[in-house]
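Those protein sequences? They're chains A and B, same order as listed. To get our numbering, take the position in the first sequence, counting from 1, and add 10. To get our numbering, take the position in the second sequence, counting from 1, and add 10. C-beta: ideal position from N, C-alpha, C; glycine also. Owing to the predicted nature of the structure, the values given are computational and were not obtained by experimental measurement.
There are 2 protein chains.
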Amino acid sequence: MPTLRQLEYLVALAETKHFGRAAASTHVSQPTLSQQLRTLEARLGVTLVERGESPVQLTPIGRELSERARKVLIGVDDLQALARRSVSGMAGTIRFGVTPTLGPYLMPTVVAQLHRAYPDMRLYIREGIPDEQIAELRRGALDMLLAPLPIAGSDLHIEPLFREPLHLVAAPDNPLCTQSLLQKTDLSGSGVLSLDRRHHFHRQAEQICGELGAELLRDYEGTSLDSLRQMAGSGIGLAILPELYLRSEVGGEDMVRRLPIADWSATRSIAAIWRSGAAYTQTYLMVAQAIASEARNMMKAS
Amino acid sequence: MPTLRQLEYLVALAETKHFGRAAASTHVSQPTLSQQLRTLEARLGVTLVERGESPVQLTPIGRELSERARKVLIGVDDLQALARRSVSGMAGTIRFGVTPTLGPYLMPTVVAQLHRAYPDMRLYIREGIPDEQIAELRRGALDMLLAPLPIAGSDLHIEPLFREPLHLVAAPDNPLCTQSLLQKTDLSGSGVLSLDRRHHFHRQAEQICGELGAELLRDYEGTSLDSLRQMAGSGIGLAILPELYLRSEVGGEDMVRRLPIADWSATRSIAAIWRSGAAYTQTYLMVAQAIASEARNMMKAS
DNA sequence: CCTTTGTGATAGATAATATCTATCAAGAAT
DNA sequence: ATTCTTGATAGATATTATCTATCACAAAGG
Numbered sequence: 011m012p013t014l015r016q017l018e019y020l021v022a023l024a025e026t027k028h029f030g031r032a033a034a035s036t037h038v039s040q041p042t043l044s045q046q047l048r049t050l051e052a053r054l055g056v057t058l059v060e061r062g063e064s065p066v067q068l069t070p071i072g073r074e075l076s077e078r079a080r081k082v083l084i085g086v087d088d089l090q091a092l093a094r095r096s097v098s099g100m101a102g103t104i105r106f107g108v109t110p111t112l113g114p115y116l117m118p119t120v121v122a123q124l125h126r127a128y129p130d131m132r133l134y135i136r137e138g139i140p141d142e143q144i145a146e147l148r149r150g151a152l153d154m155l156l157a158p159l160p161i162a163g164s165d166l167h168i169e170p171l172f173r174e175p176l177h178l179v180a181a182p183d184n185p186l187c188t189q190s191l192l193q194k195t196d197l198s199g200s201g202v203l204s205l206d207r208r209h210h211f212h213r214q215a216e217q218i219c220g221e222l223g224a225e226l227l228r229d230y231e232g233t234s235l236d237s238l239r240q241m242a243g244s245g246i247g248l249a250i251l252p253e254l255y256l257r258s259e260v261g262g263e264d265m266v267r268r269l270p271i272a273d274w275s276a277t278r279s280i281a282a283i284w285r286s287g288a289a290y291t292q293t294y295l296m297v298a299q300a301i302a303s304e305a306r307n308m309m310k311a312s
Numbered sequence: 011m012p013t014l015r016q017l018e019y020l021v022a023l024a025e026t027k028h029f030g031r032a033a034a035s036t037h038v039s040q041p042t043l044s045q046q047l048r049t050l051e052a053r054l055g056v057t058l059v060e061r062g063e064s065p066v067q068l069t070p071i072g073r074e075l076s077e078r079a080r081k082v083l084i085g086v087d088d089l090q091a092l093a094r095r096s097v098s099g100m101a102g103t104i105r106f107g108v109t110p111t112l113g114p115y116l117m118p119t120v121v122a123q124l125h126r127a128y129p130d131m132r133l134y135i136r137e138g139i140p141d142e143q144i145a146e147l148r149r150g151a152l153d154m155l156l157a158p159l160p161i162a163g164s165d166l167h168i169e170p171l172f173r174e175p176l177h178l179v180a181a182p183d184n185p186l187c188t189q190s191l192l193q194k195t196d197l198s199g200s201g202v203l204s205l206d207r208r209h210h211f212h213r214q215a216e217q218i219c220g221e222l223g224a225e226l227l228r229d230y231e232g233t234s235l236d237s238l239r240q241m242a243g244s245g246i247g248l249a250i251l252p253e254l255y256l257r258s259e260v261g262g263e264d265m266v267r268r269l270p271i272a273d274w275s276a277t278r279s280i281a282a283i284w285r286s287g288a289a290y291t292q293t294y295l296m297v298a299q300a301i302a303s304e305a306r307n308m309m310k311a312s
C-alpha cells in the first residue's frame, strides 16, 4: 500500500515537473523525494516518471495515478477539516430516539435550529417505544433519547428537561362540556381512551383514571395521539392528550374540547437520556437544553 | 496527517466494535491497534471511541470520520487496482498529436479499437501543425505524434508506418478529365491549389508542381482539405488530395475527379513519433502498429 | 462471593521506515 | 573546457510502527 506522503510527492512532482521544487514544496530533501518516488513505483509495479527527460515528464500512467492520488489527498484533507470542525464536539450524526407521542410535535423545530447553528451536526430522529429505545441506547444503536420518566438504570445519564401538561378532552357535544368548571368527582365512571399498554402513556392514563374513578376503555386502544383525538371527537370516550400535541398543527382542538377540571395538574416529566460512559456529554447536554428551551417556548406561547 | 493504516484501524473498529477483532482483521496485535487509535485521536484532536463502554461504541464524530476514512481507503484501493491493470503499460491517457490532413480520416476508428482492447487506455487526440507539435512533444505537452516525414531530431524516436498516395484532382468539366491517360507534360502550366505554407503538405505540393512544371497558386491558400476540394470542384485550379481523405465520408469524389497520370507515384510517408527517453515505448509501438494496420486496411479496401 | 475469562491500556524493546547529509554521474549552460 | 544543475546512490540517523509482556478492570460463570 502506498503512503499518503508518497502520494503527496507524486502530486507535487506532477505539478512542478522538477524533483527539487517538488521536494521543497513537500518540505523534504530532494534525495528523499527521489527515493520515495522509486519506492512508490516499486510498490505499484508501474513506471510513473520518464527518467532521463528534461524537464521531468510523467508517463501517461503516472499522470493518471497522480490524478487519483490528488483525489485521495483531497479526501484526507476533507477528513481533517471535518475533524478540526469537530473539536468542539458539535459534529457528526447523533442517532436520536423519541416517543411518537412527543417527537413529531417538538423535534422538527429543534432539528432545524441545531443544524443552522452547527452545520456539521445532525440529529437522525427515530421514533419508537421508550422502553425499547432504552435498550437500543444501551447496546449502542442510539446515542441519545427523549423519553418520559421514570426510567431506571444506573448506566444511563438522565437529564430532566421539562414537564408537559396532560389534558382530558371530550367531544364538543359531550354534556361535560357544558359546565364551566368540573369537579374530579364529576368524571367518576367516565370511559377514557388510551394508547396500547407498551406506551408510557398508557401507564400514566391508568394512574389518572385511578385518581378520577374513571374507567380505562380496553376495547379501543389507539395507535397514535391522532387516533385518540378522532375517537374522542366521535364521542367514544374521553382522552388524555398532551399539551404540545394539542398546540401543534397536527393536533389542535377543532374536534375536541379540553375539560376544565378543578385542581387538575396532571403532567408528564420528559428527560433527555444518554449513556453514562458517553463521550461528548457537553454536546448532548447542549442538545438537551435546546430541546427544553424550545418546549418551554412552545408551551408558553398563547 | 493520519496514516492510511490508522484509517484502516478506525474502519475495522467501526465494523467490529471490538479492539481484538479489529486488530485481527488488520493483521496487527491488539495493543498496536489500541495505540494507533490513540495516536489518530491525538492527531485529529477529537475523540473517536467511547471508552469504558461495552461493547465499544464510536462517537458520532467517530462514525462520521470512519465513513470519510472508508471513502479514502476505497480511493486508495482504486488507485492500486488501476496500477495493477497498468503494469502492462496499456493504461493512462496518451496525449496524441495529429495533422488535420490525416487525423480526422484515420484516428476515430483506431481510437475506438484501442479503447475496446484496453479499457484503461485513452488517446486524447489534438490536431495541429506538425512542426509545432514536434516542439510540444519535446517539451512534454504531447506523448506521441502522427506526422508526415521528414522530421529531424536525434532526441525523437521516429517509427515509419505507411506511405499514403497523393492524387491530383480536377473539376469534372475540366478538359483534362476527358483524357483516359495523361502525360505529366500535359499538366505543364496548370494552376495547383495548396494549403498554407506552414503545412508539410504545402512543401510537398511545391515539390510536385516543380516536377510537373505546374504553378502553385498563391492567391488561394486552403485552410483545410475540404476547402481545397471545394475550390478544385469549382474549377479554380487543380488540387493535390491524399488517399485516405478521398476515401473518407467527409472527402469523397462527387465534386472532383482524380486525374489518371502516367507514372504517377506521389506519396507521403507517415510516421509515429515519441521522445527517445519515453517510458512504455512498447505501448507506443503497439499503438503505432495499430494505426499502420488500420491505414493499410483502409487503403486496401476497394 | 470468589474465581476465571475477556477486554483495552500501558511499558519497554525491537523492527521497519522515512529522512538526513555527503557525494556522485551526467547533462546543460556558459 | 569549466561550471552549474539535476536526479540518483550510499550510509547514517531519526522517527514511527509494531512487538511481547503485563496490568487494571469489568463481565461471566460457578
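- Taking CB atoms only, residue 67(B) has a neighbour in chain A less than 7 Å away.
- Taking 7 Å as the cut-off, the beta carbon of residue 232(A) is found no closer than this to the beta carbon of residue 256(A).
- The residue among 99(A), 149(A), 173(A) with its C-alpha nearest the C-alpha of residue 253(A) is 173(A).
- With respect to the C-alpha of residue 201(A), the residue from 211(A), 230(A), 46(A) having the closest C-alpha is 230(A).
- DSSP places residue 210(B) in the helix class (H, G or I) of the three-state scheme.
- Looking at the DSSP output, residue 231(A) bridges to 204(A).
- Residue 268(A) and residue 177(A) have their C-alpha atoms spaced approximately 6 Å apart.
- Here the alpha carbon of residue 158(B) sits roughly 19 Å from the alpha carbon of residue 203(B).
- Judged by DSSP in its simplified three-state form, residue 108(B) adopts strand.
- Using a 10 angstroms sphere on the CB of residue 193(B), the tally of other CB atoms stays under 16, which defines it as exposed.
- Between residue 46(A) and residue 29(A), the C-beta spacing is not below 7 Å.
- For residue 109(A), none of the residues of chain B pass the 7 Å Cβ criterion, the least Cβ distance being about 21 Å.
- Under the 8 Å Cβ criterion, the segment 182-190 of chain B does not count as touching the segment 112-123 of chain B, having fewer than three qualifying pairs.
- Note on geometry: alpha-carbon atoms of residue 36(B) and residue 13(A) lie some 16 Å from one another.
- Interface criterion not met: the Cβ of residue 30(A) is under 7 Å from no Cβ in chain B.
- With a cut-off of 8 Å on Cβ pairs, the segment 277-293 of chain B is in contact with the segment 62-82 of chain A, counting three or more such pairs.
- With the rule of 3 Cβ pairs closer than 8 Å, the segment 99-110 of chain B does not count as touching the segment 239-247 of chain B.
- Within chain B, the residues placing a beta-carbon under 8 Å from that of residue 104(A) are 70, ordered along the chain.
- The three-state secondary structure of residue 67(A), taken from DSSP, is strand.
- With respect to the 7 Å criterion, residue 248(A) and residue 222(A) are not classified as neighbours on the basis of their beta carbons.
- About 4 Å separates the Cβ atoms of residue 102(A) and residue 71(B), confirming a contact at the 8 Å cut-off.
- Residue 266(B) sits in coil when the DSSP states are folded into three classes, being neither helix nor strand.
- Flagged as an interface residue toward chain A: residue 96(B), by a C-beta distance shorter than 7 Å.
- Just measuring C-alpha positions, the residue of 77(A), 265(A), 122(A), 140(A) sitting nearest residue 133(A) is 122(A).
- Looking only at 281(A), 141(A), 42(A), the smallest Cα-Cα distance to residue 209(A) is reached by 141(A).
- For residue 177(B), there is no enclosing alpha helix (DSSP H); the enclosing beta strand (DSSP E) has its first and last residue at 166-180.
- Take residue 27(B), set aside five residues on each side of it, and the residues of its chain with a beta-carbon closer than 6 Å to its own are 65, 66, in chain order.
- Counting only runs of 4+ residues, the alpha helix (DSSP H) found wholly inside the segment 229-310 of chain A occupies 235-243, 253-257, 291-310, in chain order.
- Ranked by Cα distance from residue 281(A), the first of 289(A), 53(A), 272(A), 303(A) is 303(A).
- Those residues of the segment 280-291 of chain A placed with their C-beta closer than 7 Å to a C-beta in chain B are 285, 287, 288, 289, 290, ordered along the chain.
- Taking 7 Å as the cut-off, the Cβ atoms of residue 17(A) and residue 83(A) count as close.
- Per DSSP, residue 136(A) is one residue of the beta strand (DSSP E) stretching across 131-137.
- DSSP places residue 158(A) in the strand class (E or B) of the three-state scheme.
- Chain order gives no chain A residues near residue 112(B), where near means a beta carbon separation below 9 Å; the closest approach is about 22 Å.
- Per DSSP, residue 125(A) is one residue of the alpha helix (DSSP H) stretching across 113-127.
- Residue 151(A) has its alpha-carbon roughly 9 Å from the corresponding atom of residue 143(A).
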